[in-house]
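So the structure is just underneath, and the comments pick up after that.
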Amino acid sequence: MAEETKEKLIEAEEVRQRIEDLKKRSAEMAEYIKIAARRERLASLETMQAAPDFWNNQSKAREVIAETNAERAYTVPYDSLLKSVEDAGVMLELADMEEGEARQTALKDTIAECEKADGFFAKLRLQSLLGGKFDQCNVFVKLHAGQGGTEACDWVAMLYRMYQRYAESQGWKVEEYDTQPGEEAGYKDVYFRVEGSYAFGMLKAERGIHRLVRISPFDANKRRQTSFASMETVAEINDDIDVEIKDEDLRIDTYRSGGAGGQHVNKTDSAVRLTHLPTGIVVACQKERSQHMNKEKAMNMLRAQLYEYYEDQKKAEMDRFYGAKSENGWGSQIRSYVFCPYTMVKDLRTECETSDVNGVMDGNIQPFIESWLQMKAAGK
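In this note's numbering, the protein residues as written are 700 to 1079.
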């Protein structure tokens, strides 16, 4: 009986130490993310939104709302962290008043609350890594089939599904802009937009060449095939950022958008493809029935890509987005997805890996994104 009591006291002391550690880390996090300044700024932004003339300037209003959401992305989880730590302390006090099995149950509940606090802390830690100028913005994504023929086109379709699943897990919205089907399966190209808080900040970690190794379902001899696809990301910029697009520099092509067939076939040339002649940048949209709406969406995407292009020129880092791009093939991949002869997904930049290939293809890519963000933060 004495040994059992001693074991319980040690367990209670461990829980108490864990709570103290959470209090210390919470105080350090408050200083690191400048929580007091964020609360002050959030109060100022909320006052702006309460003004009767707030929506008179819609562009400015959207900017204020975006900044408000960005500040809340810090203050809300931090407040939840503090509450969980406080609740854990109260639960431990109640556990100290219990004995026997009731005490053990109370201690287990306290540990569960500590784990909940750890979850909020992890969210804040990730948030602190997203400090780029456009990290909180929506993002335009392009997937392009590389070496591998039909296999590569099918690989693009698989990646598209993976990013759709990941977006769903984050509560983001995916809007397809344009697709170029492969000859037998999948897609040669897919353009889509992801709308959600810090969509660009997260998905920029995925930019690069993705390599697939598997037994080809398109090969009658069931041979192992290697194929490649590229993933490009561009932040959706605010309307107040000026990007000059001259009419003479733009070629506009219209064509009949694809559909499900039958009554859904579009009988007018509503799809729009824009080519910026000086840079060679091409964007397209066929989602809307209206040619005007498709052109507007395509122009937004073109503005975003041109902004990145010109920024890269200023910084003389053209290889970052549009200059000396990596070849979409052997030796250039950022990540390998191996289905055969073993199962493994490995990021070659961070060494982060997992054997759960199916989980990754279902959208569980957060560990890869976080490890890349941590690497970039450490590099700074």
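All C-beta atoms, glycine included, are put in the ideal place defined by N, C-alpha and C.
Reference residue i, options the options, closest by Cα
i, options, result
"C813", "T767, E792, D786 and Q1004", "D786"
"R717", "L791, P751 and S743", "L791"
"R923", "G847, R950 and I764", "G847"
"V981", "R950, D968 and E987", "R950"
"V971", "V942, V1037, V1044 and T878", "T878"
"E762", "D778, K807, A750 and L744", "L744"
"G788", "L823, Q985, E995 and A816", "A816"
"E867", "G1078, K1075 and N1063", "N1063"
"A898", "D941, F839 and Q990", "F839"
"V784", "I944, T809, I764 and D1011", "T809"
"E1050", "R1034, D720 and E987", "R1034"
"G830", "L858, M901 and G895", "M901"
"S896", "G881, V912 and F833", "F833"
"K872", "R802, N837 and H843", "N837"
"L780", "L721, I764, S758 and E797", "L721"
"I732", "N756, Y777 and W1071", "Y777"
"N1057", "C1039, Q1073, L1072 and N993", "C1039"
"E987", "A750, S758, E874 and T849", "E874"
"M1091", "G818, Q1012 and H975", "Here the chain covers residues 700 to 1079 and nothing more, so residue 1091 does not appear."
"R724", "F819, E766 and T925", "F819"
"H843", "Q869, E931, K759 and A821", "E931"
"A851", "I914, R715 and A919", "I914"
"N993", "V912, S758 and T953", "T953"
"S956", "S989, A811, V933 and E713", "S989"
"A884", "W854, V1059 and Q869", "W854"
"L858", "Q869, E882, K887 and E1010", "K887"
Reduced DSSP category for residue i - H, G, I as helix; E, B as strand; rest coil
i, result
"Y945", "Note that residue 945 corresponds to Lys in the displayed sequence, not to Tyr. Reduced to three states, the DSSP call for K945 is coil."
"N1038", "A quick correction: the sequence has Phe, not Asn, at residue 1038. In the structure shown, F1038 sits in coil (DSSP, three-state: anything other than H, G, I, E or B)."
"I1064", "coil"
"T895", "The sequence given here has Gly at residue 895, not Thr. DSSP places G895 in coil when its eight states are reduced to three."
"H975", "strand"
"M796", "coil"
"F927", "strand"
"R1002", "helix"
"A844", "strand"
"F753", "helix"
"G788", "helix"
"E1010", "helix"
"R910", "strand"
"I951", "strand"
"F745", "Strictly speaking, residue 745 in this sequence is Glu, with Phe absent from that position. Note: E745 maps to helix in three-state DSSP."
"A1069", "Looking at the sequence provided, one finds Glu at residue 1069 rather than Ala. Looking at E1069 - three-state DSSP - the assignment turns out to be helix."
"Q835", "coil"
"D1080", "Summary: the structure shown does not reach residue 1080, with the chain confined to residues 700 through 1079, and so no result is reported for it."
"I1033", "strand"
"T1053", "strand"
"A1023", "Residue confidence is low: A1023 scores 46 on pLDDT, short of 50, so the model does not pin down where it sits. No coordinate-derived value is stated."
"A904", "helix"
"K759", "helix"
"D778", "helix"
"T736", "The identity of residue 736 in the sequence shown is Ala, whereas the question assumes Thr. The answer is helix: DSSP assigns A736 an H, G or I state."
"K921", "coil"
"G772", "Reading the sequence as shown, one finds Ala at residue 772 and not Gly. Correct three-state label for A772: helix."
"A1077", "helix"
"A884", "coil"
Residue span of the alpha helix (DSSP H) that contains residue i, given as start and end
i, result
"K807", "G799 to S827"
"D720", "A701 to Y731"
"L858", "T849 to Q869"
Extent of the continuous beta strand (DSSP E) to which residue i belongs
i, result
"C984", "I980 to C984"
"T878", "K872 to P880"
"K1045", "M1043 to D1046"
Distance between beta carbons of residue j and residue i, contact taken as under 8 Å
i, j, result
"P977", "D946", "With 8 Å as the limit, P977 and D946 do not qualify as a contact, their Cβ atoms being about 13 Å apart."
"A983", "Y876", "7 Å"
"L1098", "A1076", "Lying before the first or after the last residue shown, residue 1098 is absent from the chain, which here runs from 700 to 1079."
"I936", "A997", "15 Å between Cβ atoms; not a contact."
"G845", "S929", "6 Å"
"A856", "D795", "About 57 Å; that fails the 8 Å criterion."
"A765", "Q835", "7 Å"
"S1054", "M1043", "5 Å"
heavy atom of the ligand HEM below 8 Å from residue i C-beta
i, result
"T925", "Looking for the ligand HEM in the displayed structure turns up nothing, as the structure carries no ligands at all."
CB contact below 9 Å: residue i versus chain C
i, result
"E814", "No chain C is part of this structure, which consists of one protein chain only."
Item to complete: Flag this pair as touching only if the stretch 860 to 871 and the stretch 888 to 900 have three or more C-beta atom pairs under 8 Å; answer yes or no.
Response: yes
Worksheet item: Should the stretch 1066 to 1077 be regarded as contacting the stretch 898 to 909, the criterion being three or more beta carbon pairs within less than 8 Å?
Response: These segments touch.
Practice prompt. Would you check if there are 3 or more beta carbon pairs closer than 8 Å linking the stretch 724 to 738 to the stretch 767 to 778?
Written response: With a cut-off of 8 Å, the stretch 767 to 778 and the stretch 724 to 738 count as touching, because enough Cβ pairs lie within range.
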